[in-house]
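Take a look at the structure set out below.
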Amino acid sequence: MPDLAALKHRFSRLFGWPRRTRPIALQAAAPREVVLHRAILDAFPAPVLLLDARRTVIEANRAAHELFGARMINYDLAQSLRHPAALDAASAALSAGKAMSTQIVLQSSVARHYELHAMPVEQIEGAQVRAVLVLLDVTASHQVEQMRADFVANVSHELRSPLAALTGFVETLKGPAKNDEVARQRFLDIMEVEAKRMARLIDDLLSLSRVEANEHVRPKGQIKIGELLASACATLEHRAAKREVEIELSCPDHLPAIAGDQDQLAEVFHNLLDNALKYGPPGKPVKITVQKVDRIPEIGGKGVRICVQNQGEPIAAEHIPRLTERFYRADKARSRDMGGTGLGLAIVKHIINRHRGRLMIESNAETGTIFSVFLSEFQPEQPAVNFTMADVTKL
Ligand SMILES: Nc1ncnc2c1ncn2[C@@H]1O[C@H](COP(=O)(O)OP(=O)(O)OP(=O)(O)O)[C@@H](O)[C@H]1O
Ligand SMILES: [Mg+2]
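Under the numbering used here, the letters of the sequence shown match residues 1 to 395, in that order.
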């Protein structure tokens, strides 16, 4: 929240409006000053409107014209800003002479949130300006706040169901099933599954926040992608065998090294393979193919493409762009039954972002589902240029 007094003071100075100690009327400004004030006003990225005592707009900067269009000068504010709370704030600033602020949402193609500040300007002889209106676009922080609230709601929701199951079974075991050996064993098994689900959820949340924390730091490691994929296949071999799925890895020799973080990339392919095994039909192979690419789509530069492909029901097109959102599941019941937390692909996306790579998802009846990961070739860092004193004297 900006300091209103400071903002008002800044504007008073900006337009040469009066401060108690040095009253300067706008009209009294020399033409050069007027030009300067206009330039400063136009350079200010937020819409600024100057109002007279009757709420008529007498000046507006470029950002205000971009937002409200050209026809606003010499019209009532209501002509350009048809928002009751905004008009009330402006009128109150004019009549009560007090700074007012309010939050408004303006609908254009998308809704944008603004913090509107209406600041009265001291009355001086000959000057028409009575109030300044500034609109600060707070859409981005509003979205962040919304995401935070959704995230907390989602996490609580995900934890609530296993917790409710655990509490329910504990009560049953203490009461009606106290002496029922068979029921006890069955309930304990379910409780174990639910407790493990909660533990996995917490692990995944921690993993996600770790990845997010260092997303801006580019990984420096040099990765042999073939070896990394072979080891990911080996860890999931047992699970694949249970579903009678064969994992086929086809990786050409002489691939370039990849720039990356070994543990994080292992997590990417573990999650993608885990999904392919979980959501692909039993008995049908899961294929991993690796190829060199001369240009990574959208990003550019040489690299490799790793495709993880499974057969089975394609994912409906409307789900595909949302799969990497936290807790998003195409088939909620199925994912939960399989013990999924809905965070796997969110983690994958953040890790790939950190690697400045790309993730592409295709799904149709012919090819099945293919998750393609593009990663950049490792580039040795350019050695820093070191000057010796001898070099300097040569110059
Ligand atoms: N290979 C796939 N085939 C079909 N659907 C998939 C595939 N991979 C992911 N999905 C869909 O995308 C959703 C999100 O996947 P994600 O990996 O993020 O979560 P999850 O598998 O449900 O849980 P987790 O990975 O945290 O255990 C899944 O619930 C599933 O609906
Ligand atoms: Mg998953």
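Don't be surprised by glycine CBs; every beta carbon is placed ideally from N, CA and C.
Residue burial classification, residue i (beta-carbon count within 10 angstroms, cutoff 16)
| i | result |
| --- | --- |
| Asp203 | exposed |
| Met100 | buried |
| Thr235 | exposed |
| Asn214 | exposed |
| Gln379 | exposed |
| Met338 | exposed |
| Ser411 | In the structure as shown, the chain starts at 1 and stops at 395, and residue 411 therefore has no counterpart that could be examined. |
| Leu206 | exposed |
| Gly368 | buried |
| Val286 | buried |
| His157 | exposed |
| Tyr279 | buried |
| Glu381 | exposed |
| Ile223 | buried |
| Ser231 | exposed |
| Asn275 | buried |
| Leu67 | buried |
| Phe374 | buried |
| Ser161 | exposed |
Contact under 9 Å by Cβ, residue i with residue j
| i | j | result |
| --- | --- | --- |
| Leu277 | Ile288 | no |
| Val129 | Leu77 | no |
| Lys196 | Val245 | no |
| Ser376 | Leu359 | no |
| Leu166 | Met191 | yes |
| Leu135 | Ala64 | yes |
| Ala90 | Ala53 | no |
| Glu194 | Leu163 | yes |
Of the listed residues the options, nearest to residue i (C-alpha basis)
| i | options | result |
| --- | --- | --- |
| Asp137 | Val121, Glu122, Val105 | Val105 |
| Lys122 | Ser376, Gln146, Leu94 | Per the sequence shown, the amino acid found at residue 122 is Glu instead of Lys. Ranking Ser376, Gln146, Leu94 by Cα distance to Glu122 puts Leu94 first. |
| Ala85 | Val57, Ala70, Glu115, Thr56 | Glu115 |
| Glu325 | Gln309, His350, Arg336, Asn310 | His350 |
| Ile40 | Asn61, Pro31, Val57 | Asn61 |
| Leu208 | Ile352, Ser372, Phe44 | Ile352 |
| Leu265 | Val348, Val290, Ala89, Arg200 | Val348 |
| Leu396 | Ala177, His113, Arg55 | Outside the displayed span of the chain (1 to 395) sits residue 396, for which this structure offers no information. |
| Pro297 | Arg356, Pro321, Gln143, Asn179 | Arg356 |
| Gln309 | Asn271, Pro176, Ala333 | Asn271 |
| Ala316 | Arg32, Ile361, Gly175 | Ile361 |
| Phe269 | Pro256, Pro281, His254, Val290 | Val290 |
| Lys242 | Pro256, Pro282, Glu267 | Pro282 |
| Ile73 | Ser80, Ile58, Arg210, Leu81 | Ile58 |
heavy atom of ligand 3 below 8 Å from residue i C-beta
| i | result |
| --- | --- |
| Tyr328 | As for ligand 3, it is missing from this structure, which binds only ligand 1 and ligand 2. |
Three CB pairs or more closer than 8 Å across the region 252–263 and the region 211–221: Of all C-beta pairs linking the region 252–263 to the region 211–221, three or more are shorter than 8 Å, placing the two stretches in contact.
Neighbourhood of ligand 2 [Cβ distance below 5 Å to any heavy atom], ordered by chain position: Here the list is Asn275, Gly344.
Cβ pair count under 8 Å reaching 3, the region 302–311 against the region 336–348: Verdict: no, contact absent.
Sufficient close CB pairs (3 or more, under 8 Å) joining the region 183–194 to the region 221–232: Segments in contact, no.
Three-pair Cβ contact test at 8 Å for the region 131–145 versus the region 47–63: Output reads yes: the region 47–63 touches the region 131–145.
Meets three-Cβ-pair contact criterion under 8 Å: the region 314–332 and the region 250–258: No contact exists between the region 314–332 and the region 250–258.
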